[in-house]
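S.K.: Below are the structure tokens for one structure; questions will follow.
Protein chains in written order, with the working numbering: chain A, 877 to 1168; chain B, 5 to 301.
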């Protein structure tokens, strides 16, 4: 998305402009509301939520809900807090993102610079895999992971996320490399450079922006995934599944402040990425709607 | 003539690109298309807890469409998807058009509209679940602020709970739709707009007759992305209502999961997954086909 405001031809009166700002600000408040609610209430003792106003700032500020969410809250049957699940998510996300991005880069390179018959079909089949409802692969995946001995493990989740992630990463790199002049590749070939040398020396150095898009997209998607985590996580459940277990737990008092702290913990990594690299995040989203 | 080493190397160079692509393609064929086939086969078997291969024909599909839970899921997804797509599109379009009026602070507003897209649906669900809870959330806030008669119990109400999912889902994705429309608006040639204005078109006419028709591709992308998100919606329902109260917010995705993994009706679960896939394919395949054909030139 272009950040440049263009010279719009529409002229508007003063009252209209005031109205525009009003609506735009109201919507900004609407989008910020849940973040405010989570933030404020994660810093209150529980009685201030159950006996007070959710919109009010804490009268006693406390970090206890955060400590509890991180290290002592009851998740399922164990009072471990979210910490081990946060680590599971990290262990799952890092390799899955790295592998799917590298594979996507190579695929995109082949599909644009080493074209062959029916390559669009090959790409189309890979692309469609991004959009299937994953319910259609849950049962066979459970069977296969069981047979491979990867059920309920972090490597199993990595495999799943790589398999269903390469469609998108391939799409990104393919669309990006498509605009890179093929003549340069041919010239390098004539000079005797081979397949990998061309990739390494010519394409990779210019791949920075799209690699960032791909990494951010994959990171966000895999971190936020719930369906695969809950289906195949077993004892290595990711953060989203643990958060859901914490919030839905039916035993004991509902510690809303701890739930909110946990929700922010689960949101922090992707929120952080969005804040430092939002531009690339948006580019990834837009390219995800195929029109690149 | 015996092949020399040089020949071999050229051959290898010819094959290398395909060799590099082959694992991904093989994995896709197996894990996507092979698995789809496997699920389709299962949907014609009497599998319960584990896959079995006794052919039962269309029995699962007949059972599926006779199940009240599935019919609830179908009605719910129809209502949810319609409202979600329409409201997201309207809000997205409105915000994009407003933001495109040389708004000061656009750089601050845009990221605020979009950040929910970076969050997990489980986080969104948690936040809205408690905010909409009558005991501690919105209703109580209004009471404390002095509006004693205010009542908002949708999330506990079987008739209305579905609409709370619409609220949370719209909150999460409408900013993204705004970004799609904004990109479309920024791509429109200003000269066209100026010419229309010289011809005496009012702002309203300008948007209705010229700008909105020019945004057709953005409408199409938004529709495809939103309908695809709607049909897949699982996490948000689980986090927000858990499919309840009762079965009031059952969706095809939650139905599939519970029938397959908790009720041990794998055959029926598989058939519901097949229906979901066919619905998405009916939308995605023509779209992707058109996109790829366009780019092939």
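Beta carbons: idealized from backbone N, C-alpha and C, even for Gly.
None of these values were measured; they are calculated from a predicted model.
If you draw a straight line from the alpha carbon of residue 277/B to that of residue 260/B, how long is it in whole angstroms?
M.R.: One-based indexing of the second chain puts residue 277/B at position 273. One-based indexing of the second chain puts residue 260/B at position 256. Spanning the two alpha carbons is a distance of roughly 6 Å.
S.K.: Between the Cα of residue 249/B and those of 20/B, 13/B, 168/B, 235/B, spot the shortest distance and give me the residue it belongs to.
M.R.: By 1-based counting over the second chain, the position of residue 249/B is 245. Answer by Cα proximity: 168/B.
S.K.: Once the 5 residues before and after residue 166/B are set aside, which same chain residues still bring their CB inside 8 Å of it?
M.R.: Start at 1 with the first residue of the second chain, and residue 166/B comes out as number 162. Here the set comprises 80, 83, 84, 252, 253.
S.K.: Taking all protein chains shown into account, decide if residue 53/B is buried (16 or more other Cβ within 10 angstroms of its Cβ) or exposed.
M.R.: On the second chain, residue 53/B is found 49 positions in, with the first residue counted as 1. Residue 53/B is exposed by the Cβ-count criterion.
S.K.: Please state if the CB of residue 958/A and the CB of residue 1138/A are separated by a distance shorter than 8 Å.
M.R.: Working through the first chain from its first residue, we reach residue 1138/A at position 262. Working through the first chain from its first residue, we reach residue 958/A at position 82. Yes, the pair counts as a contact, with Cβ atoms nearer than the cut-off.
S.K.: Out of curiosity, what's the CA-to-CA distance linking residue 291/B and residue 126/B?
M.R.: Here the question's residue 291/B lines up with position 287 in the second chain. Here the question's residue 126/B lines up with position 122 in the second chain. Taking the straight line from one Cα to the other gives about 29 Å.
S.K.: In this structure, how does DSSP classify residue 59/B when only helix, strand and coil are distinguished?
M.R.: Mapped onto the second chain, residue 59/B falls at position 55. Three-state result, residue 59/B: strand.
S.K.: Which same chain residues, not among the five before or five after residue 301/B, have their C-beta less than 7 Å away from its C-beta?
M.R.: On the second chain, position 297 is the one that residue 301/B refers to. Only weak support is given to the placement of residue 301/B: the predicted model assigns it a pLDDT of 40, under 50, and the question is left unresolved by the model.
S.K.: Could you have a look at residue 345/B and say whether DSSP puts it in helix, strand or coil?
M.R.: The displayed coordinates of chain B run from 5 to 301. Any statement about residue 345/B would go beyond what the structure contains.
S.K.: Classify residue 894/A: buried if its beta carbon has 16 or more other beta carbons within 10 angstroms, exposed otherwise.
M.R.: Translated into the one-based positions of the first chain, residue 894/A becomes position 18. So residue 894/A counts as exposed.
S.K.: Could you check the C-alpha separation between residue 889/A and residue 897/A for me, to the nearest Å?
M.R.: Residue numbering aside, residue 889/A sits at position 13 when the first chain is read from its first letter. Residue numbering aside, residue 897/A sits at position 21 when the first chain is read from its first letter. Answer to the nearest angstrom: the Cα atoms are 12 Å apart.
S.K.: When you compare only the Cα positions, how much space is there between residue 1066/A and residue 1159/A?
M.R.: As a first step, residue 1066/A is located in the first chain; it is residue number 190 there, counting from the start. As a first step, residue 1159/A is located in the first chain; it is residue number 283 there, counting from the start. Taking the straight line from one Cα to the other gives about 35 Å.
S.K.: Under DSSP, the alpha helix (DSSP H) around residue 175/B begins and ends at which residues?
M.R.: Here residue 175/B refers to the residue found at position 171 of the second chain. Segment 165-190, the alpha helix (DSSP H) holding residue 175/B.
S.K.: Any beta carbon of chain A sitting closer than 8 Å to that of residue 204/B?
M.R.: Taking the first residue of the second chain as position 1, residue 204/B is located at position 200. Not an interface residue.
S.K.: Do the stretch 932-948 of chain A and the stretch 904-918 of chain A touch if we need at least three Cβ pairs shorter than 8 Å?
M.R.: Yes, they touch.
S.K.: Could you pull the start and end residues of the alpha helix (DSSP H) that residue 84/B belongs to?
M.R.: As a working mapping, residue 84/B is identified with position 80 in the second chain. Note, residue 84/B: alpha helix (DSSP H), 72-103.
S.K.: Could you compute how far the alpha carbon of residue 1/B sits from the alpha carbon of residue 56/B?
M.R.: In the structure as shown, chain B starts at 5 and stops at 301, and residue 1/B therefore has no counterpart that could be examined.
S.K.: Under the DSSP definition of a beta bridge, which residues are partnered with residue 951/A?
M.R.: Counting from 1 along the first chain, the entry for residue 951/A is found at position 75. Looking at the DSSP assignment, residue 951/A forms a beta bridge with 954/A.
S.K.: Do you know offhand how far residue 1135/A's Cα is from residue 1077/A's?
M.R.: Residue numbering aside, residue 1135/A sits at position 259 when the first chain is read from its first letter. Residue numbering aside, residue 1077/A sits at position 201 when the first chain is read from its first letter. Rounded to whole angstroms, residue 1135/A to residue 1077/A spans 49 Å at the Cα level.
S.K.: Residues of chain B with a CB under 8 Å from the CB of residue 1135/A: which are they?
M.R.: If you number the first chain from 1, residue 1135/A lands on position 259. Chain B residues near residue 1135/A: 130, 134.
S.K.: Go through its chain and collect everything with a Cβ distance to residue 987/A's Cβ below 6 Å, but skip five positions before and after it.
M.R.: Locating residue 987/A in the first chain gives position 111, counting from the first residue. Correct list, in chain order: 995, 999, 1050.
S.K.: Around the C-beta of residue 924/A, are 16 or more other C-beta atoms found within 10 angstroms, so that it is buried, or is it exposed?
M.R.: Within the first chain, the letter at position 48 stands for residue 924/A. The residue in question, residue 924/A, is buried, as its Cβ has 16 or more Cβ neighbours within 10 Å.
S.K.: Have a look at residue 1107/A and residue 1086/A and give me their C-alpha separation to the nearest angstrom.
M.R.: As a first step, residue 1107/A is located in the first chain; it is residue number 231 there, counting from the start. As a first step, residue 1086/A is located in the first chain; it is residue number 210 there, counting from the start. Each residue's alpha carbon lies about 31 Å from the other.
S.K.: Can you find a C-beta in chain A that's less than 8 Å from the C-beta of residue 301/B?
M.R.: Along the second chain, one-based indexing puts residue 301/B at 297. Low per-residue confidence applies at residue 301/B: pLDDT is 40, beneath 50, and the placement is therefore not dependable enough to give any value.
S.K.: So which of 1153/A, 1157/A, 1146/A, 1125/A has the shortest CA-CA distance to residue 965/A?
M.R.: Taking the first residue of the first chain as 1, we reach residue 965/A at position 89. Nearest of 1153/A, 1157/A, 1146/A, 1125/A to residue 965/A, Cα basis: 1146/A.
S.K.: Residue 1005/A versus chain B: which residues are under 9 Å apart at the beta carbon?
M.R.: Against the first chain, residue 1005/A aligns to sequence position 129. Correct list: 32, 35, 36, 37.
S.K.: Is the beta carbon of residue 1092/A sitting closer than 8 Å to the one on residue 1149/A?
M.R.: Counted from its first residue, the first chain places residue 1092/A at position 216. Counted from its first residue, the first chain places residue 1149/A at position 273. Contact: yes.
S.K.: Tell me, please, whether the stretch 111-119 of chain B touches the stretch 169-189 of chain B by the rule of three or more beta-carbon pairs shorter than 8 Å.
M.R.: These segments touch.
S.K.: Please report the Cβ distance between residue 217/B and residue 188/B, rounded to the nearest whole angstrom; I am assuming they are in contact, meaning their Cβ atoms lie under 8 Å.
M.R.: Taking the first residue of the second chain as 1, we reach residue 217/B at position 213. Taking the first residue of the second chain as 1, we reach residue 188/B at position 184. In fact, because the Cβ distance is near 11 Å, the residues do not count as touching under 8 Å.
S.K.: With burial defined as no fewer than 16 other Cβ atoms inside 10 Å of the residue's Cβ, what is the status of residue 268/B: buried or exposed?
M.R.: Position 264 of the second chain, counted from the start, is the residue given in the question as residue 268/B. Per the 10 Å Cβ criterion, exposed.
S.K.: For the alpha helix (DSSP H) holding residue 1207/A, just list the boundary residues, first then last.
M.R.: Given a span of 877 to 1168 for chain A in the structure shown, any question on residue 1207/A remains unanswerable.
S.K.: If you measure between the beta carbons of residue 185/B and residue 219/B, is that distance less than 8 Å?
M.R.: Translated into positions along the second chain, residue 185/B becomes position 181. Translated into positions along the second chain, residue 219/B becomes position 215. Closer than 8 Å, so yes.
S.K.: Measure the beta-carbon distance from residue 46/B to residue 274/B and round it to whole angstroms, keeping in mind my assumption that it falls under 8 Å.
M.R.: Here residue 46/B refers to the residue found at position 42 of the second chain. Here residue 274/B refers to the residue found at position 270 of the second chain. Yes, they are in contact, since the Cβ atoms of residue 46/B and residue 274/B sit about 4 Å apart, within 8 Å.
S.K.: Can you pull the chain B residues whose beta carbon is under 7 Å from the beta carbon of residue 1111/A, in chain order?
M.R.: Counting from 1 along the first chain, the entry for residue 1111/A is found at position 235. By Cβ distance, chain B contributes nothing, its closest Cβ being about 17 Å from residue 1111/A, past 7 Å.
S.K.: For residue 981/A, collect the residues of the same chain with a Cβ closer than 6 Å to its Cβ; drop the 5 residues on either side in sequence, then sort them by chain order.
M.R.: Here residue 981/A corresponds to residue number 105 of the first chain, with the count starting at 1. Once the five neighbours on either side are set aside, the close Cβ partners of residue 981/A are 1049.
S.K.: Kindly indicate the opening and closing residues of the alpha helix (DSSP H) around residue 1105/A.
M.R.: Position 229 of the first chain, counting from 1, holds the residue named residue 1105/A. Where residue 1105/A is concerned, the enclosing alpha helix (DSSP H) stretches over 1103-1108.
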